Structure formats: C-alpha cells, structure tokens
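Chemist: One structure, as structure tokens, below. Some questions next.
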Ligand SMILES: [Zn+2]
Ligand SMILES: [Zn+2]
Ligand SMILES: [Zn+2]
Ligand SMILES: [Zn+2]
Ligand SMILES: [Zn+2]
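Residue numbers (the working numbering): 281 to 475.
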C-alpha cells in the first residue's frame, strides 16, 4: 500500500509543473547564443518546425498547437488566434535556423565537432562518442562507439577464443587458460552457457 501512495504523490505533485513538450534545440546546445528572433517564447528553445500567427509572432509548431488546445490567443500579444490561421514561416527564417552551429550531444564524452542544425540529428545518431554496451552479455562496460570493435575484438575479458584443445568451443578469454575442456563439453551438451 505504501507503494501505491507514493505513486499517487508523484502524479499529483510532479504533473502540474511539467513543462510543455520541449524542443530538442535547447539554447545551451548552440555555439553562439542564438538570435532572440529565432527563439520560441513558449519553450525558450530555438524554433522547431516554426509557424507564424496572423499577428506575426513565431513559435514551434508543437508549442503553439499545444497552447491553442487550452487558450484562444497568442501567448506573446494576447490577440485572438485560431489553429487554422497558423502558417509556416518564410524559408529564409528556416534557412537561418538550419545554419546555426550546435555542439554535439556527446561533447562531454569527447566529441569536439560542431555541426549545423540541419545535420545535427544525423550527426548525433552516428557519432563515435556515443556510448554503447559491449556486445558480450557478461561485460557491463559502456564503450565509445568508435572504440567498440577494438574493445570487443582485442580488449574485453569476455571476448571469446576458439579452444585449440579437446572441446573446440568458443571460450571467454578470462577463463581460457583455466577451463576444463571436458566440463565445458558437458555444459555445452546440456545447453548451459559457458561461464
Ligand atoms: Zn517552442
Ligand atoms: Zn501575437
Ligand atoms: Zn559527436
Ligand atoms: Zn566488454
Ligand atoms: Zn577447451
């Protein structure tokens, strides 16, 4: 019962303060402070899929749409606005946004690259400084993507080596010198994992 009470507390206390859905373009991710005209006044981040209201104010599409679910006016000037009156911004504004330079999400892991917003998502997805789990289940190390192959093939103590003795099984290197071929074969036949 304690557990249920705890959950109810979380819901009632946390939810009212939850911000509107955030843009992934937090201003701290940009190399230079972005031009204030390119910031959404609702989420305080760089505009994402920006749209313009009839009163010429600009917001992220998701921010103003969410806002207009509960309000009937522009959050900046309070003039009446309807969802269907929102229009995409001029291409020149989107171009300015696309060219803003951003730090990589994995800067703290060592990525020194700065990338234009338009390729930011692609860069972050493929970045060599993203940490990934080693492919061997027994190993709990998180490895930089760029070092993963080397770790798994040359460093990891759980990488496997083919036994040249009697069992002829793949044996983790950390037990290679001490393993008993006969025991391993027995385990193998019983379908039990090697270590
Ligand atoms: Zn926004
Ligand atoms: Zn307005
Ligand atoms: Zn990176
Ligand atoms: Zn490993
Ligand atoms: Zn063996």
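Idealized CB from N, CA, C, for every residue including glycine. Remember, predicted model here, so these are calculated numbers, not experimental data.
What did DSSP end up calling residue 454 once you bin it into helix, strand or coil?
Modeler: As a working note, residue 454 is residue 174 in the chain shown. In this structure, residue 454 counts as helix in the three-state DSSP scheme.
Chemist: Where do the N-terminal and C-terminal ends of the beta strand (DSSP E) with residue 330 fall, by residue?
Modeler: Reading the chain shown from its first residue, position 50 is the one you call residue 330. Here the beta strand (DSSP E) through residue 330 covers 330-332.
Chemist: In the DSSP assignment, the alpha helix (DSSP H) including residue 468 goes from what residue to what residue?
Modeler: Along the chain shown, one-based indexing puts residue 468 at 188. Note, residue 468: alpha helix (DSSP H), 461-469.
Chemist: Taking Cβ to Cβ, would you say residue 320 is nearer than 8 angstroms to residue 340?
Modeler: The residue given as residue 320 occupies position 40 in the chain shown. The residue given as residue 340 occupies position 60 in the chain shown. For residue 320 and residue 340, yes; Cβs fall inside 8 angstroms.
Chemist: Compute the minimum distance between the beta carbon of residue 440 and the heavy atoms of ligand 5, and state whether it is under 7 angstroms.
Modeler: The sequence position of residue 440 within the chain shown is 160, counting from 1. No, Cβ of residue 440 sits at least 7 angstroms from all heavy atoms of ligand 5.
Chemist: Within the stretch 388-450, note down every full alpha helix (DSSP H) run reaching 4 residues or more, in order along the chain.
Modeler: If we require 4 residues or more, the alpha helix (DSSP H) runs fully inside the stretch 388-450 come out as 397-406.
Chemist: Measuring only the C-alpha atoms, how far is residue 448 from residue 464?
Modeler: One-based indexing of the chain shown puts residue 448 at position 168. One-based indexing of the chain shown puts residue 464 at position 184. Distance between the alpha carbons of residue 448 and residue 464: 10 angstroms.
Chemist: The alpha helix (DSSP H) spanning residue 342 covers which residue range?
Modeler: By 1-based counting over the chain shown, the position of residue 342 is 62. 341-350 is the extent of the alpha helix (DSSP H) around residue 342.
Chemist: In chain order, what residues of the same chain have a beta carbon less than 8 angstroms from the beta carbon of residue 394, not counting five sequence neighbours either side?
Modeler: Walking along the chain shown from the start, residue 394 turns up at place 114. Taken in chain order, the residues that qualify are 311, 381, 382, 383, 384.
Chemist: CB-CB under 8 angstroms to residue 437, same chain, minus the five flanking residues each way: which ones, in chain order?
Modeler: Position 157 of the chain shown holds residue 437. Cβ neighbours of residue 437 beyond the five flanking positions: 419, 452, 453, 454.
Chemist: Decide if residue 305 is buried, meaning its Cβ has at least 16 other Cβ atoms within 10 Å, or exposed.
Modeler: For the purposes of this step, residue 305 is taken as residue 25 along the chain shown, with counting starting at 1. So residue 305 ends up on the buried side.
Chemist: Mind checking whether the beta-carbon of residue 340 lies closer than 7 angstroms to any heavy atom of ligand 1?
Modeler: As a working mapping, residue 340 is identified with position 60 in the chain shown. It does: the Cβ of residue 340 is within 7 angstroms (strictly closer) of some heavy atom of ligand 1.
Chemist: Kindly indicate which three-state DSSP category residue 373 falls into: helix, strand or coil?
Modeler: Taking the first residue of the chain shown as position 1, residue 373 is located at position 93. It is helical.
Chemist: Is the beta carbon of residue 423 within less than 7 angstroms of some heavy atom of ligand 1?
Modeler: One-based indexing of the chain shown puts residue 423 at position 143. No, the Cβ of residue 423 stays beyond 7 angstroms of every heavy atom of ligand 1.
Chemist: Excluding the 5 residues preceding and the 5 following residue 352 in the sequence, name in chain order all residues of the same chain whose CB lies nearer than 8 angstroms to its CB.
Modeler: Stepping through the chain shown from its first residue, residue 352 is reached at position 72. Only 360, 361, 362 meet the Cβ criterion.
Chemist: Check for me: the beta strand (DSSP E) holding residue 381 runs from which residue to which?
Modeler: As a position in the chain shown, residue 381 is number 101, starting the count at 1. 381-383 is the extent of the beta strand (DSSP E) around residue 381.
Chemist: Count the other C-beta atoms from every protein chain shown that fall within 10 angstroms of the C-beta of residue 327, then say buried if there are 16 or more, exposed otherwise.
Modeler: Position 47 of the chain shown, counted from the start, is the residue given in the question as residue 327. Buried: at least 16 other Cβ atoms inside 10 Å.
Chemist: What's the gap between the Cα of residue 433 and the Cα of residue 387?
Modeler: Sequence index remark: in the chain shown, residue 433 carries index 153 (1-based). Sequence index remark: in the chain shown, residue 387 carries index 107 (1-based). Near 26 angstroms, if we compare the C-alpha coordinates of residue 387 and residue 433.
Chemist: Could you check the C-alpha separation between residue 333 and residue 406 for me, to the nearest Å?
Modeler: For the purposes of this step, residue 333 is taken as residue 53 along the chain shown, with counting starting at 1. For the purposes of this step, residue 406 is taken as residue 126 along the chain shown, with counting starting at 1. Near 36 angstroms, if we compare the C-alpha coordinates of residue 406 and residue 333.
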